[in-house]
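Okay, so here's the structure we're looking at.
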Amino acid sequence: MGLFAKLFGSKEASLPDADLSVLRCDIHSHFIPGIDDGSQTLEQSIELLTAMRELGYRKVVTTPHSMADGYKNTPEIILGGLEKVRAEVKRVGLDIEVDAAAEYYLDHELEQRIQRKEVLTFGDKLLLFELPFLSEPQVLLPVIFQMQTQGYKPVLAHPERYSFWYNDFAKYERLKERGVLFQLNMIALAGAYGPQAKQVAEKLIDAGAYELVGSDCHSMGHVEAMKHTLGRPYLHKLLASGKLLNAGL
Ligand SMILES: [Fe+2]
1186 MGLFAKLFGS KEASLPDADL SVLRCDIHSH FIPGIDDGSQ TLEQSIELLT
1236 AMRELGYRKV VTTPHSMADG YKNTPEIILG GLEKVRAEVK RVGLDIEVDA
1286 AAEYYLDHEL EQRIQRKEVL TFGDKLLLFE LPFLSEPQVL LPVIFQMQTQ
1336 GYKPVLAHPE RYSFWYNDFA KYERLKERGV LFQLNMIALA GAYGPQAKQV
1386 AEKLIDAGAY ELVGSDCHSM GHVEAMKHTL GRPYLHKLLA SGKLLNAGL
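Sequential numbering from 1186 applies to the sequence shown in my numbering.
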């Protein structure tokens, strides 16, 4: 909870809580137990899924990290975990649909995985990927091009979190020109990643750059932060934009 403590002192004017049920589907979270830095047990997964249902979601596409160094999650590992989560959801009688894809870290292995079509996607071949937080990878544009030539639609996770682009907004525009879809981490709008990430997220909303919104929920701390985001004016603006694809997934 310490990470999000600063949210609670926010002095920004607040609107009534937004209704997240209009999104229907969340497309970024870490709810498969014990395979990344999200949920660690089946009980935690159920607690998180219950909270998502209470927030209004009817479906989640959960997206464990997949990277060459670190969480080496293959489709088999993820889908095996999904089966366990689905069985428990059914056993406890929770009314939420659970699907899985992955959050692919753009590293040297990703190109090969795409080449072999060993990637999990959601919707119409939407492929969620993230970048290192320190610098833009040199292979960014070639890998995006490769995704597209293989028939995938790249979705960049939380573009508002990459501080190396904060003073170079043209980099965001360049990705939009190439057809990259952008996914907002909702809690950025409450300042969960700091004031600059919040500002950039708002600027990207003003530019109509986001097609998807996600929770990136790892824990009940994230759920609390989401609740503190519901009154943010920019969340209302994004939900009313008519641009979001969540409800159709
Ligand atoms: Fe994530």
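Every residue gets a Cβ at the ideal spot worked out from N, C-alpha and C, and that includes glycine.
- Cα atoms of A1392 and L1326: separation of roughly 21 Å, rounded to the nearest angstrom.
- Residue pairing by DSSP places A1285 opposite T1247 in a beta bridge.
- Closest by C-alpha distance to K1412, out of M1237, S1230 and D1222, is M1237.
- The Cβ atoms of T1248 and L1312 lie no closer than 8 Å to each other.
- As far as DSSP is concerned, E1387 takes part in no beta bridge.
- In this structure, T1259 is the residue among T1259, R1271 and V1365 with its C-alpha nearest to the C-alpha of R1301.
- Beta-bridge analysis with DSSP links N1370 to G1399.
- Using a cutoff of 7 Å, the CB of E1288 counts as near ligand 1, since one of the ligand's heavy atoms is closer than that.
- The Cβ atoms of D1222 and H1403 lie closer than 8 Å to each other.
- For H1413, the shortest separation between its Cβ and any heavy atom of ligand 1 does not lie below 7 Å.
- Apart from the 5 residues on each side of it in sequence, T1235 sits with its Cβ closer than 7 Å to the Cβ of L1279 in its chain, given in chain order.
- The straight-line gap separating the alpha-carbon atoms of Q1333 and L1291 is approximately 15 Å.
- The Cβ atoms of V1245 and S1214 lie closer than 8 Å to each other.
- Leaving aside the five residues that flank S1348 on each side, the residues in its chain whose CB is nearer than 8 Å to its CB run, in chain order, F1318, Q1381 and A1382.
- T1306 sits buried, since 16 or more C-beta atoms from the chains shown fall within 10 Å of its C-beta.
- The beta carbon of D1211 sits no closer than 7 Å to any heavy atom of ligand 1.
- If you check the CB distance, K1310 and Y1289 do not come in under 8 Å.
- Taken through DSSP and simplified to helix, strand or coil, F1330 comes out as helix.
- DSSP links S1214 through a beta bridge to C1402.
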